[in-house]
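Residue numbers (the numbering used here): 11 to 169.
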Amino acid sequence: MIRYALLRSGRRTLQTRPSPQTLEELARLKSLEDVDSSVIRKLINQRTEEVNAQNEAQMLKKLSAEGRDLQNVPGSRYARPLWLLLIGCASVYLVRDWLRMKAEYDARETTLETRVEGLEAELKYLLEPKPGVLEVEVVQTEVASSAPWYKRWLWSGSR
């Protein structure tokens, strides 16, 4: 490419310096002495920006892929159904246990009710008035009432 250069005297002179457009063209040159340093700097910066943009794009792709991988954890789609199953099983177990305990309580209650009824019947039988026995007990209590209370309590069976 042809360039015009200003000399110190202020005249324009025709200058023929090679001006490569890419780094590959710059690499094909035999010598870098004829190439302006600003052109070299511009080409290097341009290529560096391209490489940085490619690296950044690859890094963004990698980060988005990692984000998708974290979201697509194999167990995550089964977590909610497993929690629901766990809660359902726990509920069934609690209801079953409550029904079993209620049945045991009812069975124990019926056995105790029959035992209480039997004891009440026995108590009624024992408390029924018996003519011969009551007269003897009444006589004994009248005789025993003349003694002090502590003698009746402590020595009632020894006489």
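Think of the CB as a built atom: it goes at the ideal place given N, C-alpha and C, for glycine as much as any other residue. Since the model is a prediction, treat every value here as computed from it, not as a measurement.
* Return the Cβ separation of Leu184 and Leu53 in integer angstroms, given the expectation that the two are a contact with Cβ distance under 8 Å. => Nothing can be reported for residue 184, as the shown portion of the chain is limited to 11 through 169.
* Asked: Rounded to a whole number of angstroms, what is the C-alpha to C-alpha distance between Glu66 and Val102?
  -> Position 56 of the sequence shown holds residue 66. Position 92 of the sequence shown holds residue 102. About 55 Å.
* For the putative contact between Val49 and Pro30, defined by C-beta atoms under 8 Å, what is the C-beta separation to the nearest angstrom? -> The count along the sequence shown starts at 1 and reaches residue 49 at position 39. The count along the sequence shown starts at 1 and reaches residue 30 at position 20. About 7 Å separates the two Cβ atoms, so the contact holds.
* Asked: Looking only at its own chain, which residues have a Cβ that is under 6 Å from the Cβ of Met11, when we skip the five neighbours before and after it?
  -> Start at 1 with the first residue of the sequence shown, and residue 11 comes out as number 1. Because Met11 carries a pLDDT of 45, less than 50, the predicted location of this residue cannot be relied on, and the following value inherits that uncertainty. Excluding positions up to five away in sequence, the list reads Ser29.
* Asked: Could you check where the alpha helix (DSSP H) with Ala75 kicks off and where it finishes?
  -> Locating residue 75 in the sequence shown gives position 65, counting from the first residue. That run of the alpha helix (DSSP H) goes 47–81.
* Just reading off the alpha helix (DSSP H) that Thr124 is part of, what are its end residues? -> Within the sequence shown, residue 124 is the residue found at index 114, counting from 1. DSSP places Thr124 in the uninterrupted alpha helix (DSSP H) bounded by 86–137.
* Asked: Cβ of Asp46 within 7 Å of any heavy atom in the ligand ADP?
  -> Of ligands this structure carries none, so the ligand ADP is not represented either.
* To do: Could you check the C-alpha separation between Ala100 and Pro139 for me, to the nearest Å?
  => Stepping through the sequence shown from its first residue, residue 100 is reached at position 90. Stepping through the sequence shown from its first residue, residue 139 is reached at position 129. Rounded to the nearest angstrom, the two C-alpha atoms are 60 Å apart.
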